Amino acid sequence: MKTVIIEDEKAAVRNLTSLLNEVKPDAEIATVLDSISSTIEWFGSHPMPDLIFMDIHLADGSAFEIFNHISITCPIIFTTAYDEYALRAFKVNSIDYLLKPIGKEDIEHAFAKLGNLQDTVDLNNQHSRNSSRQEEELLQLFHSLKRQENYKTHFLIPMKGDKLLPVSVDMIQLFYIKDCQVKAVLTDGTEYNFTQTLDELTDCLNPSLFFRANRQYLVSREAIKDIDLWFNSRLSINVHYSGIKEKILVSKARVAEFKEWFSGK
Numbered sequence: 003m004k005t006v007i008i009e010d011e012k013a014a015v016r017n018l019t020s021l022l023n024e025v026k027p028d029a030e031i032a033t034v035l036d037s038i039s040s041t042i043e044w045f046g047s048h049p050m051p052d053l054i055f056m057d058i059h060l061a062d063g064s065a066f067e068i069f070n071h072i073s074i075t076c077p078i079i080f081t082t083a084y085d086e087y088a089l090r091a092f093k094v095n096s097i098d099y100l101l102k103p104i105g106k107e108d109i110e111h112a113f114a115k116l117g118n119l120q121d122t123v124d125l126n127n128q129h130s131r132n133s134s135r136q137e138e139e140l141l142q143l144f145h146s147l148k149r150q151e152n153y154k155t156h157f158l159i160p161m162k163g164d165k166l167l168p169v170s171v172d173m174i175q176l177f178y179i180k181d182c183q184v185k186a187v188l189t190d191g192t193e194y195n196f197t198q199t200l201d202e203l204t205d206c207l208n209p210s211l212f213f214r215a216n217r218q219y220l221v222s223r224e225a226i227k228d229i230d231l232w233f234n235s236r237l238s239i240n241v242h243y244s245g246i247k248e249k250i251l252v253s254k255a256r257v258a259e260f261k262e263w264f265s266g267k
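At position 48 of the sequence shown the residue is numbered 50 (the numbering used here), and the sequence of numbers has no breaks.
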């Protein structure tokens, strides 16, 4: 714990240093400052310490003048022979106000207050982090549920003779590209042309129902007859639809993702 002492009485500095060594041996005294001007200069070129012991009456004036020139963000323990400044002291980061002569119990009490304050701050920060995490998780869940609400459940497929064929998503085995045209294969084996691209269909369909095997195929679980282990740790999906003659390959990089999808994890 880096500590700064702002005190112009040498005897008071010796007493405070001795008490700190006894009560808080890990309190490293970074510097001792004896005036307003030296304090302003030091803080202008050094990082903020963890704690300050500050006498109110310094050689060149009231220590409160310091706060008109620099911003001090660390806790402060004021030391003084007078008690009329207590209220003002607690307006500038003060955690305690010690009246001289300062004893061991005064220092112990001040550090106890500092410890309680830090515990409260840590608890509040932890609560804030937990709240933020919970809010983020709830937001993700909300977006997930919102996306599910927007997933396609039905399509209207243009037919000859100015007709539209209503088809539910669970009637579709797979989508694939053939001759630059996206086709859908239904459970009865019939094929229909789709105007949407495979990318657009991937985005609008529930990913728990369809898996994008590669650039050419978007398949449902029901379409899969069996799976072959293929070269270079890839998978080859065989589908029930006899119209698909080529291999539907899943790359090595996506094998684990495919297995998780298929098992419904």
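Yeah, the Cβ is synthetic: ideal placement off N, Cα and C, and Gly gets one too.
All values derive from a computational prediction rather than experimental measurement.
Asked, Found
"Scan the segment 195-261 and note each continuous beta strand (DSSP E) run of 3 residues or more that stays entirely inside, going in chain order.", "212-214, 219-222, 226-231, 237-241, 250-252"
"I need the DSSP call for Gly63, collapsed to helix, strand or coil.", "strand"
"Around the C-beta of Arg214, are 16 or more other C-beta atoms found within 10 angstroms, so that it is buried, or is it exposed?", "buried"
"Distance check for Asn152 and Trp263, CA to CA, integer angstroms please.", "20 Å"
"Locate the alpha helix (DSSP H) running through Ser37, then write down its first and last residues.", "Segment: none, Ser37 is in no alpha helix (DSSP H) and carries neither H nor E."
"Are at least three pairs of beta-carbons, each pair with one atom in the segment 182-192 and one in the segment 204-218, less than 8 Å apart?", "no"
"State the Cα-Cα distance for the pair Leu237 and Leu166, rounded to the nearest angstrom.", "37 Å"
"Measure the CB-CB distance between Leu100 and Ile79 and report whether it falls below 8 Å.", "yes"
"Can you tell which of Thr41, His156, Ile54 has its C-alpha closest to the C-alpha of Leu60?", "Thr41"
"Looking only at DSSP bridge pairs, what is Thr5 linked to?", "Ile31, Leu53"
"To the nearest angstrom, how far is it from the Cα of Glu224 to the Cα of Gln175?", "6 Å"
"Check Leu116 in the structure and name its three-state DSSP category.", "helix"
"How would you write the range of the beta strand (DSSP E) that Lys185 sits in, first residue to last?", "183-188"
"Near Lys154, which residues of its chain fall below 7 Å by C-beta distance, leaving aside the five closest residues on each side in sequence?", "Val171, Cys206, Leu207"
"Just the Cα atoms here: how many angstroms apart are Met3 and Val252?", "57 Å"
"Check whether the Cβ atoms of Asp57 and Ser37 lie closer than 8 Å to each other.", "no"
"Just to check my reading of the structure: Phe177 and Phe196 have Cβ atoms closer than 8 Å, yes? What is that Cβ distance to the nearest angstrom?", "7 Å"
"By the 10 Å Cβ neighbour count, where 16 or more other Cβ atoms means buried, how is Ala29 classified, buried or exposed?", "buried"
"Report yes if the C-beta distance between Gly245 and Glu202 is below 8 Å; otherwise report no.", "no"
"Kindly indicate which residue of Val257, Phe55, Ile8, Leu220 has the alpha-carbon position closest to the one of Asp304.", "Outside the shown range of the chain, which is 3 to 267, sits residue 304, and nothing can be said about it."
"Take the Cβ of Phe113 as the centre, count every other Cβ of all protein chains shown within 10 Å, and call the residue buried at 16 or more, exposed below.", "buried"
"Mapping DSSP to helix, strand and coil, what is Lys106?", "helix"
"When the Cα atoms are used, what is the spatial distance from Val123 to Phe45?", "A caution first: Val123 carries a pLDDT of 49, below 50, which makes its placement in the model unreliable, though a value can still be read off. Cα to Cα, the separation comes out at about 24 Å."
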